[in-house]
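Data block below; observations after.
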Amino acid sequence: MSAVTTTDSATTTAATSTSATTTDFTTLFRLKGGWSSAWKISAAFAVLGLAGAGAGYAVAPHRFAFSYLFAFIVAVTIGLGAIFFVLIQHLSTAGWSITVRRSSEFFMTGVFILPILFLPIIPSMHALYPWLEHAGQPAAHGEQGAEHGAVAHGAAEEEAPAAEIEVLPPPDATAWTGNEEALHHDHHQLVEGKSWFLSEGKWYASSFLALALWCLLAWRLFSLSVQQDHTKDVTPTRKLQSFSPGATFIFALSLTLAVFQWVMSLEPSWYSTIYGVYLFAGCAVSAFAIVIVVTNSWRNAGLTGNTINLFHMHDLGKMMFGFIVFWAYIGFSQFMLIWYASIPEETTFFHQRWELSGWRAVSLMLPIAHFALPFLMLLSRNAKRKLPILAFGAGWILVMHVVDIYWLVLPYESATKFAPSWIDFTCLFGVVGAFLTVVFFQMSRYSLVAVGDPRIGRAMRFHGA
Amino acid sequence: MSTETHSNTDITIEKRPALFLAEFNSPEECMHAAEKLRDAGYKKFDTHTPYPVHGMDEAMGMKDTPLGWLVLALGMTGCLSGFAMMQWMNGIDYPLIIGGKPSDAFPSMIPVMFELTILLSAFAAVFGMLGMNKLPQHHHPVFYSDRFGKFSDDKFFVSVEAADQNFNLVKTRALLESAHPAHLELVEEEVA
């Protein structure tokens, strides 16, 4: 509390003296000194990282495919989390968060570069998605399989239930796994049944549709907000508030669609209906973590004056804490239903992450380090109000979020073991560096606080419990 | 102590001071009075305002509530008793194999542990809050004042209870008057 008050009072004088005169508020809260060249540093990171990723592609294209997808999904979740944060502020017409909202708006603009960062995935498609090989070549699975496939496809829809009964596993589990031919056949049928969704054309179309929608959402949310900095007009606020309900639907559906086809289809015979929500939970928790890390750094650098107070930070901490529990709830829900039902086509996901050498440690680490430790660290009200602890917890959660995405993508790279590669790191630095370059560049161009929002005064006086 | 005789009943009602009630027109004045009482070492006093006044906790010298610790203790009790219950019932007392799982499989206990954690935490929070606020309280002498009803309208009140060790009819009145209340009264209650 005392440290906070000192920072606040030091900058209060600056804020009040300017409000007395007719100083331009839009230039009051800007990046200064080393911060304004942060985008150049991340650009250098991006160039080095992407060069390393290119080298990775030359040396090991298969590894590169998965490493790059992992890095790309990290960037996607950060961008989408930022969009989500801004959307819910407008959706709930939140007044308290106006002083911290701009930090998330900057991270939202990172999605502008996602369509470009997406391009390297295209040449890697065949390494990533097994369903591409399935499409239109049932003959590859032997005569018997082809016959069955032809029957299944030729038969009218009413015969479908009979086919379903046929694929039910026999009660003896060893017989089930032992009968590899039948397993392969059923696996093939499962993937065939999804061919309406998993086709190359559809993959391209919905990938670019999702990316375009996100750019559109980010552009509208960002441009209206910064436009208000100068006009101080209430109209953009109203527009954003009426825009956000529909935008939330678009956001949720496009997120689910994108992660289903980019990540879940890495194993096309497997499915989990909660998968989109699981990734959304990761997006949301990382969004709050980023807002906390960024606004805390701004405060420490004295860039935002007295606009962001301890109550803002405490409430952000509460939200992050809530969403870390949400992530665990969703993650456990997914696990428990699959564990209880024990259906082979569903259990492969966890089986792989448990039995493949080395992955078991990561699987055990996630509930402990992604949930239990931050939960205990941030449970107390006092901990959430001690900003170094809060910022450390947020940083920790961000690192664990990256591990979470790694755990989702990389087990499909190798069927044998957990083996991190330098290509994972170069891809991560390259993609996240490029993402942050856009973010920091925008940060250097606009006010760090949404000074034009008519409710800014109320937000500055925000007093929580 | 004062006495008054009801002429038509001949019953003598003995009264004693219950509290001083100071009425203010603004939250700032009310908070200022609370600060004075806090600095003079008063403990048993309260403020009554139409809406939550930010900073009043500090002005009244209130410490952080220990409620969180109670919630934590009961929450952990719920979590552990959920585990113990499932372990006893499924693992020891009446083991059943369900879905080919070990009878005391840990994942199947988590929902029960979670629910009991939530249940006992919520009980601790709600009933602990009521208990620490001494609620429900069916009556309080502050309601003897005819002016007190305005606390839920546009007036701000400070009440100092006679039970406070610093309470003194002269000194407390002087202290409250130094905060310039719009109205100051001594509320009395009947001696039981």
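Line by line, the protein sequences give chains E and U. Going by our numbering, the final residue of the first sequence carries number 466, and the count climbs one at a time with no gaps. Going by our numbering, the final residue of the second sequence carries number 370, and the count climbs one at a time with no gaps. Don't be surprised by glycine CBs; every beta carbon is placed ideally from N, CA and C.
Residues bridged to residue i (per DSSP)
| i | result |
| --- | --- |
| E201 of chain U | U:F335, U:H361 |
| H226 of chain U | U:F335 |
| P289 of chain U | DSSP output for P289 of chain U lists no bridge partner at all. |
| K418 of chain E | E:S358 |
Contact set for residue i: own chain, Cβ-Cβ below 6 angstroms, skip 5 residues either direction
| i | result |
| --- | --- |
| L437 of chain E | S43 |
| F372 of chain E | A329 |
| G306 of chain U | L245, L248 |
| E160 of chain E | In this prediction, E160 of chain E scores a pLDDT of 40, lower than 50, which makes its location untrustworthy; the coordinate-derived value is nonetheless stated afterwards. Taken in chain order, the list of residues that qualify is empty. |
| A95 of chain E | none |
| T14 of chain E | Only weak support exists for where T14 of chain E lies, its pLDDT of 41 falling under 50; the value from the coordinates is given anyway. Contacts found: none. |
| G453 of chain E | Q229, D230, K233 |
| A384 of chain E | I390 |
Contact belief for residue i with residue j at Cβ below 8 angstroms, rounded distance in angstroms
| i | j | result |
| --- | --- | --- |
| P319 of chain U | V365 of chain U | 5 angstroms |
| G318 of chain E | I293 of chain E | 7 angstroms |
| L118 of chain E | A435 of chain E | 6 angstroms |
| T227 of chain U | P205 of chain U | 6 angstroms |
| K418 of chain E | L357 of chain E | 6 angstroms |
| S281 of chain U | G269 of chain U | 6 angstroms |
| Q450 of chain E | T100 of chain E | Per the sequence presented here, residue 450 of chain E reads as Val, with Gln not at that position. Going by Cβ atoms, the distance from V450 of chain E to T100 of chain E rounds to 6 angstroms, so yes, they are a contact pair. |
| L222 of chain E | I79 of chain E | At roughly 15 angstroms, the Cβ-Cβ gap does not stay under 8 angstroms, so L222 of chain E and I79 of chain E are not in contact. |
| F73 of chain E | I122 of chain E | 6 angstroms |
| Y341 of chain E | G278 of chain U | Not confirmed; about 10 angstroms, so no contact. |
| D425 of chain E | W97 of chain E | Not confirmed; about 39 angstroms, so no contact. |
| I406 of chain E | I325 of chain E | Going by Cβ atoms, the distance from I406 of chain E to I325 of chain E rounds to 16 angstroms, so no, they are not a contact pair. |
| L267 of chain E | R386 of chain E | About 42 angstroms separates the two Cβ atoms, so there is no contact after all. |
| G194 of chain E | G431 of chain E | Going by Cβ atoms, the distance from G194 of chain E to G431 of chain E rounds to 37 angstroms, so no, they are not a contact pair. |
| S287 of chain E | G465 of chain E | Between G465 of chain E and S287 of chain E the Cβ distance is about 23 angstroms, and since that is not below 8 angstroms, they are no contact. |
| D342 of chain U | K222 of chain U | 4 angstroms |
Same chain, Cβ closer than 7 angstroms to residue i, five either side skipped, listed in chain order
| i | result |
| --- | --- |
| C257 of chain U | M291, L294, T295 |
| P131 of chain E | P269 |
| H154 of chain E | Confidence is the limiting factor: at H154 of chain E the pLDDT is only 41, short of 50, which leaves the residue's position unreliable and the question unanswerable from this model. |
| A128 of chain E | P62, H63, A66 |
| Q335 of chain E | S273, I275, Y279 |
| E328 of chain U | For the sequence presented, residue 328 of chain U should be read as Lys rather than Glu. Closer than 7 angstroms at the Cβ level, and outside the excluded window around K328 of chain U, lies no residue. |
| L133 of chain E | M126, H127, E201 |
| Q443 of chain E | F107, T110 |
| I114 of chain E | A435, F436, V439 |
| K240 of chain E | L225 |
| L199 of chain U | V320, S323, F326, F335, S337, E363, V365 |
| S207 of chain E | L258, Q262 |
| S445 of chain E | L32, S37, W40 |
| A157 of chain E | Low per-residue confidence applies at A157 of chain E: pLDDT is 39, beneath 50, and the placement is therefore not dependable, though the value from the model is reported in the following sentence. Excluding sequence neighbours, A157 of chain E sits near nothing in its chain. |
| W355 of chain E | R361, S364 |
| V168 of chain E | Because the pLDDT at V168 of chain E is just 47, under 50, the model does not fix this residue reliably, and the point stays unresolved. |
heavy atom of the ligand NAP below 6 angstroms from residue i C-beta
| i | result |
| --- | --- |
| N301 of chain E | As for the ligand NAP, it is missing from this structure, which has no ligand bound. |
Same chain, Cβ closer than 8 angstroms to residue i, five either side skipped, listed in chain order
| i | result |
| --- | --- |
| A420 of chain E | G359 |
| S381 of chain E | none |
| T28 of chain E | S448 |
| H358 of chain U | E207 |
Between the segment 280-290 of chain E and the segment 387-407 of chain E, are three or more C-beta pairs nearer than 8 angstroms? yes
Contact between the segment 410-421 of chain E and the segment 55-69 of chain E: three or more CB pairs below 8 angstroms? yes
Are the segment 254-262 of chain E and the segment 44-63 of chain E touching, with three or more C-beta to C-beta distances below 8 angstroms? Segments in contact, no.
Is it a yes or a no for the segment 320-340 of chain E touching the segment 361-375 of chain E, going by three-plus beta-carbon pairs under 8 angstroms? Touching, yes, given that three or more Cβ pairs across the two stretches are closer than 8 angstroms.
Please give the ranges of any alpha helix (DSSP H) in the segment 238-280 of chain E, keeping only runs that are unbroken, at least 4 residues long and fully inside the region. none
Whole alpha helix (DSSP H) runs in the segment 92-141 of chain E with 4 or more residues, listed along the chain? 99-109, 115-119, 122-129, 132-135
Three Cβ pairs or more, each shorter than 8 angstroms: is that satisfied between the segment 345-357 of chain U and the segment 190-204 of chain U? yes
Determine contact between the segment 213-220 of chain U and the segment 352-360 of chain U, defined as no fewer than three beta-carbon pairs at a distance below 8 angstroms. With a cut-off of 8 angstroms, the segment 352-360 of chain U and the segment 213-220 of chain U count as touching, because enough Cβ pairs lie within range.
Are three or more beta carbon pairs between the segment 293-308 of chain E and the segment 101-110 of chain E nearer than 8 angstroms? yes
Count the CB pairs spanning the segment 83-103 of chain E and the segment 233-252 of chain E that are closer than 8 angstroms, and state whether there are at least three. yes
Runs of 4 residues minimum, wholly inside the segment 237-305 of chain U: which ones carry the alpha helix (DSSP H) assignment? 245-264
Three Cβ pairs or more, each shorter than 8 angstroms: is that satisfied between the segment 30-41 of chain E and the segment 440-456 of chain E? Output reads yes: the segment 440-456 of chain E touches the segment 30-41 of chain E.
Does the contact criterion of 3 or more C-beta pairs under 8 angstroms hold for the segment 329-338 of chain U versus the segment 220-237 of chain U? yes
Does the segment 296-315 of chain E come within contact of the segment 220-239 of chain E, defined as at least 3 CB pairs closer than 8 angstroms? No, the segment 296-315 of chain E does not touch the segment 220-239 of chain E.
Cβ pair count under 8 angstroms reaching 3, the segment 348-356 of chain E against the segment 379-390 of chain E: no
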